[in-house]
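Visitor:
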Amino acid sequence: EKWDAVIDQPIYDALMSETDDLQTKIKRIQDSNALLAETALDDMIAKGLVKAEKDKKLSPQGKLYAKWLRAGDKGLTAEDWTSIRATMSTTTPNQGGFTVQTDIVKTLLDALKLYGGMRQVATVFQTAQGNPMSFPTSDGTTETGEIIAENVTATAADPVFNTVPLNVYKFSSKVVAVPFELLQDSAIDIEAFVRLRLATRLGRIQNTKFTLGTGTAEPTGLITAATTGVTAANATLQVTAILYDSIINLIHSVDPAYRSPTCKFMMNDLSVRNIRLIKDTSGRPIFVPGWDATRGGEAFSAPDTLCGYQIQTNQDMAQMAASAKSIAFGDLSYYNIRDVMDITMFRFEDSAYVKLGQVGFLAWMRSGGNLIDIGGAVKLFVNAAS
Numbered sequence: 001e002k003w004d005a006v007i008d009q010p011i012y013d014a015l016m017s018e019t020d021d022l023q024t025k026i027k028r029i030q031d032s033n034a035l036l037a038e039t040a041l042d043d044m045i046a047k048g049l050v051k052a053e054k055d056k057k058l059s060p061q062g063k064l065y066a067k068w069l070r071a072g073d074k075g076l077t078a079e080d081w082t083s084i085r086a087t088m089s090t091t092t093p094n095q096g097g098f099t100v101q102t103d104i105v106k107t108l109l110d111a112l113k114l115y116g117g118m119r120q121v122a123t124v125f126q127t128a129q130g131n132p133m134s135f136p137t138s139d140g141t142t143e144t145g146e147i148i149a150e151n152v153t154a155t156a157a158d159p160v161f162n163t164v165p166l167n168v169y170k171f172s173s174k175v176v177a178v179p180f181e182l183l184q185d186s187a188i189d190i191e192a193f194v195r196l197r198l199a200t201r202l203g204r205i206q207n208t209k210f211t212l213g214t215g216t217a218e219p220t221g222l223i224t225a226a227t228t229g230v231t232a233a234n235a236t237l238q239v240t241a242i243l244y245d246s247i248i249n250l251i252h253s254v255d256p257a258y259r260s261p262t263c264k265f266m267m268n269d270l271s272v273r274n275i276r277l278i279k280d281t282s283g284r285p286i287f288v289p290g291w292d293a294t295r296g297g298e299a300f301s302a303p304d305t306l307c308g309y310q311i312q313t314n315q316d317m318a319q320m321a322a323s324a325k326s327i328a329f330g331d332l333s334y335y336n337i338r339d340v341m342d343i344t345m346f347r348f349e350d351s352a353y354v355k356l357g358q359v360g361f362l363a364w365m366r367s368g369g370n371l372i373d374i375g376g377a378v379k380l381f382v383n384a385a386s
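Going by our numbering, the first residue of the sequence shown is number 1, and it counts up by one from there.
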């Protein structure tokens, strides 16, 4: 018996239309993927060209540094090592060590300034070795001369000297693990990537210690060394804020001998916000925002000021709270930061990293800090206890 196929034309037409729609979508997706692939390839080529151009502009030392990051000790020739040693005050350490050359050190130290603010206002200097160091100090702010009669012996008043230690401590960046792909991809600026991570970590820990360090097995922080200028009275609004009168009292708690235009406020960004909300009796804010202008055809800028003094933001400063030392004011350049010249990096290729497809990098840096002053160059505002 012969069976003839019966075709439901409307259903057939609907299926064919759906198939055409699917094929159109598939082609659109394929075209989109091809365009994305072409764009990605163009982007990679562009990045490669930018990286190649950057490599041309790197100093010889910078090229050696990038070469060592990618290939390690075995990637450097004997001539390379000779060039490295020629730019350093000490020989290069073994076991994967790399004593970073002077221009790379400067770049790293400049990057450290971005984190926190202490390095932006302090006096920073370098020493070739990390031997214990002490600065002599003498407070002469209360000393005065005399008027004496004829043939009368002058009074003796010998200055009192003291010393302030400025020892260095060993800071670690912690290990930065970098995948093989980043090391091998020519479009990746590995030198900038590693340097940024190292600078971020070292910059943050150093700023914290230069601000709040106890002085025991770590630097003496600015807040630890400075003395109180103003303590807000209880039962006021100054538990989590500050009044205009206290700002004026803080400024004048610094001896006029130190109170020069170079003085600055230092505080947490939230404290800056609190101060920006303070208004005088006429409703005008006491905080003066910065502005740009031109004079004689030349552009110049005026920074934000508070009562005529600049503000340095430091997120390691305490936020305003009960009994918090939330604001510092004075000549902050009296805080000294001492860096030992050589920064040493290590490159790890052991199994702990290789099995994850990574290479580890670690930087060591020796630095110290202290307020080299006993005359009150920097004073603190302390919020009310209740």
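Beta carbons are placed, not taken as given, at the ideal position from N, Cα and C, and that holds for glycine.
1. So, using beta-carbon positions, are S246 and V272 closer together than 9 angstroms?
2. At 4 residues or longer, and completely inside the region 141 to 196: list those alpha helix (DSSP H) runs for me, N to C.
3. How would you write the range of the beta strand (DSSP E) that D269 sits in, first residue to last?
4. V254 and A377: beta carbons closer than 9 angstroms?
5. In the DSSP assignment, find the unbroken beta strand (DSSP E) run with L362 in it and report its ends.
6. Could you pull out every residue in the same chain whose Cβ sits closer than 6 angstroms to the Cβ of S301, ignoring the five residues on either side in sequence?
7. Applying the criterion that 16 or more other CB atoms from any shown protein chain within 10 Å of the CB defines a buried residue, is N151 buried or exposed?
8. To the nearest whole angstrom, what separates the beta carbons of R119 and I337, a pair I think is in contact under 8 angstroms?
9. Consult DSSP for V239 and reduce its assignment to one of helix, strand or coil.
10. Looking at the secondary structure, which residues open and close the alpha helix (DSSP H) in which L380 lies?
11. Taking 6 angstroms as the limit between beta carbons, can you name the residues of its chain near T305, skipping five residues before and five after?
12. Would you say the region 213 to 230 touches the region 272 to 282, given that touching needs at least three Cβ pairs under 8 angstroms?
13. Quick one: grab the DSSP three-state call for E302.
14. Assign G130 to one of three DSSP states: helix, strand, or coil.
15. Between the alpha carbons of S32 and S17, how many angstroms are there, rounded?
16. Going straight from the alpha carbon of G330 to that of I190, what length do you get?
17. Return the residue from the list Q319, T77, V164 that minimises the CA-CA distance to G375.
18. Thinking L198 and T211 are a contact (beta carbons under 8 angstroms), I'd like their distance in whole angstroms, please.
19. Confirm, please, whether the CB-CB distance from G203 to A328 is below 9 angstroms.
20. Which residues in the same chain have their Cβ closer than 8 angstroms to the Cβ of A324, if we skip the five residues on either side of it in sequence?
21. Please list, in chain order, all residues of the same chain as S326 whose beta carbon is under 8 angstroms from its beta carbon, the five residues on each side excluded.
22. Taking R347 as the reference, which of E146, W364, D339, S333 has the closest Cα?
23. In terms of DSSP beta bridges, what is P285 paired with?
Guide: In short, the structure shows the following:
1. no
2. 180 to 184
3. Element bounds for D269: not the beta strand (DSSP E) but the alpha helix (DSSP H), 269 to 276.
4. yes
5. 358 to 371
6. D292
7. exposed
8. 6 angstroms
9. coil
10. Here L380 belongs to no alpha helix (DSSP H); instead the beta strand (DSSP E) covers 378 to 382.
11. V288
12. no
13. In the sequence under discussion, the amino acid at residue 302 is Ala, which differs from the Glu named in the question. Of the three classes helix, strand and coil, the one that applies to A302 here is strand, per DSSP.
14. coil
15. 23 angstroms
16. 41 angstroms
17. V164
18. Not quite, the Cβ-Cβ distance comes to about 20 angstroms (not below 8 angstroms), so this is no contact.
19. no
20. A318, V382, N383
21. I242, M267, N268, S271, M317, A318, Q319, M320, F381, V382, N383
22. W364
23. K279
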